[in-house]
Structures are given as C-alpha cells and as structure tokens.
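In the UniProt record's numbering, the protein residues as written are 1 to 220.
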C-alpha cells in the first residue's frame with residue numbers, strides 16, 4: 001500500500017487529488033494539510049511514502065518544508081513530490097535542490113498523476129530527461145558555488161562515471177550503451193552512488209555532480 005500525504009492550501013484541489021487516489025486499491029491517503037507547518041507535523045506523525053506538497057503556501061512554503069523533510073534522517077523514506085501550477089520555474093528549481101524527488105503540474109491528467117505517484121513510491125526518478133536537461137541548463141547559465149563535502153571520493157570510478165552521465169541527462173539505457181554494460185548494471189551503479197552520497201533521487205545526483213565539480217558546463 002502506497003501511503004500519501006496531501007499538502008496544499010486549496011481545499012478543492014486537495015479534494016480532487018484525494019478523490020483520484022482513494023479509488024485505487026494500492027494507494028491510501030493518510031492525511032491532509034493546509035500549510036507547510038501542518039504538513040511537516042503530519043509527515044513526522046504518519047511517515048508517508050509520498051508527500052505531495054504545494055510550493056506556495058502560508059506559514060511554511062513548500063520549499064522550506066521540503067528542505068526540512070530532506071534534512072531529517074527519520075524521514076529518509078519519505079519522497080517529496082512538488083505540486084505547481086506553472087511547470088519548471090525558479091520555485092521548482094529551488095525545491096529540487098532542497099531535496100524534492102520531482103514535481104507535477106496541477107493540470108496533469110489523472111492517469112499520468114496516478115502513474116507518477118507509483119513511480120515516486122518506488123524511489124525511481126520523477127524527472128523526464130528533458131527536465132534533467134533544464135536543470136543542467138540552469139547550472140550552465142547560473143553556476144552555483146561548488147561544495148567540497150559531497151563525498152564523491154567514496155565512489156568507485158564506474159560509479160563516478162555513471163553519476164557524470166546522469167548529470168548530462170542520459171537515461172539508464174543510454175548510460176548502459178555508453179558504458180557498454182547492461183541497463184540493470186547501470187541502475188545498480190546509480191543506486192550505489194545514491195546510497196553513498198545520501199542522494200534521495202536522480203535529481204539530487206545532478207545537483208551533487210555540479211556542486212562537487214565532477215561535471216561542469218563545458219562537459220556537456
């Protein structure tokens with residue numbers, strides 16, 4: 001059973017999402033919150049698999065709520081999915097850097113919404129390659145300060161190579177072809193790198209790869 005927490009300050013939207021989720025046999029909505037502060041409290045209380053969090057909310061916004069969830073070791077199994085009205089923008093970029101597993105636009109069709117919840121619950125990346133490339137483009141146009149504490153020294157050479165390819169926007173199949181390995185082996189390298197780097201998902205690998213200097217804009 002996939003346990004979902006809904007955090008949005010618009011009751012009508014929460015009701016709509018809940019109506020879609022409640023009819024699914026493998027999904028349970030454990031609670032609803034109307035702001036980020038309440039969402040944090042309910043996340044700690046119910047430990048959902050997925051926290052669907054709106055970006056712009058009163059008291060504590062979605063970005064800060066995401067940052068606090070990502071920083072709490074007791075919530076390591078909670079996957080935050082950001083809800084937005086506008087697609088990929090400055091808010092989404094900052095939310096992904098804060099620790100979100102991905103994002104969904106609120107006008108998503110029901111079938112895609114349900115599929116996305118299941119994908120996120122598996123711990124798979126909820127970012128299309130096109131969105132990964134947009135993340136990369138942001139680092140090209142607005143490079144951030146590099147961090148030296150990302151722990152990349154603990155990776156094997158193959159894991160480092162895999163992380164670099166993820167940061168270039170390649171899919172598992174493309175990484176496997178580039179490295180002349182099977183897709184399953186590519187996924188294993190990615191999962192091990194994520195574990196060593198304490199990265200929640202593929203988006204965080206992209207962030208870490210650029211902030212550590214493993215990949216730079218000229219490598220694209």
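Every residue, glycine too, gets a C-beta built ideally from N, C-alpha and C.
Here's the rule: buried if 16 or more other CB atoms are within 10 angstroms of the residue's CB, otherwise exposed. What is residue 66?
Result: buried.
Assign residue 74 to one of two classes, buried (16 or more other C-beta atoms within 10 Å of its C-beta) or exposed (fewer than that).
Residue 74 should be labelled exposed.
So, is residue 212 buried or exposed, given that buried needs 16 or more other C-beta atoms within 10 angstroms?
Buried, because 16 or more other Cβ atoms sit within 10 Å of the Cβ of residue 212.
Unbroken stretches of the alpha helix (DSSP H), 4 residues or longer, contained in the UniProt domain "HTH luxR-type" (148 to 213)
For the UniProt domain "HTH luxR-type" (148 to 213), whole alpha helix (DSSP H) runs of length 4 or above, ordered along the chain, are 157 to 167, 172 to 179, 183 to 197, 202 to 211.
Which runs of the beta strand (DSSP E) spanning at least 3 residues fall entirely within the region 23 to 83, listed in chain order?
Qualifying beta strand (DSSP E) stretches, in chain order: 27 to 33, 50 to 54.
Is residue 215 helix, strand or coil by DSSP?
Shown here, residue 215 sits in coil according to DSSP, grouped into three states, outside any helix or strand.
Cα-Cα separation, residue 215 to residue 23
The alpha-carbon atoms of residue 215 and residue 23 are separated by roughly 44 Å.
Per DSSP, what kind of secondary structure is residue 3 in: helix, strand or coil?
In the structure shown, residue 3 sits in a strand (DSSP, three-state: E or B).
7 Å Cβ shell around residue 13 - same chain, five flanking residues per side excluded
These residues qualify, in order along the chain: 106.
Could you give the residue range of the alpha helix (DSSP H) that holds residue 117?
It spans 110 to 121 - the alpha helix (DSSP H) in which residue 117 sits, taken as one unbroken run.
Contact defined as beta carbons within less than 8 Å: I believe residue 231 pairs with residue 69. What is the distance between those atoms, to the nearest angstrom?
In the structure as shown, the chain starts at 1 and stops at 220, and residue 231 therefore has no counterpart that could be examined.
Identify whether residue 99 lies in helix, strand or coil by the three-state DSSP scheme.
Look at residue 99 here: in three-state DSSP terms it is coil, with no helix or strand label.
Distance between residue 6 and residue 58 (C-alpha atoms, nearest Å):
Their backbone Cα atoms lie some 15 Å apart in a straight line.
When we look at the beta-carbon of residue 39 and count the other beta-carbons within 10 Å, is it buried (16 or more) or exposed?
Residue 39 should be labelled buried.
Check whether residue 81 and residue 103 have beta carbons under 8 Å apart:
Yes, the Cβ-Cβ distance between residue 81 and residue 103 is below 8 Å.
Within the 8 Å Cβ cut-off, does residue 95 reach chain D?
Judged by its chain identifiers, the structure shown contains no chain D, having just a single protein chain.
Comparing C-alpha positions only, which one of 167, 169, 161 sits nearest to residue 181?
If we check each option's Cα against that of residue 181, 161 comes out closest.
For residue 168 and residue 220, the rounded distance between their alpha carbons:
Bear in mind that a pLDDT of 43 at residue 220, under 50, signals an unreliable position, so the number given afterwards is only what the model happens to contain. Rounded to whole angstroms, the separation of the alpha carbons of residue 168 and residue 220 is 6 Å.
Could you check which residue in 71, 26, 32 has the C-alpha nearest to that of residue 11?
Selected option, being the one with the closest Cα: 32.
With distances taken between CB atoms, is the gap from residue 60 to residue 99 smaller than 8 Å?
Cβ atoms of residue 60 and residue 99: not closer than 8 Å.
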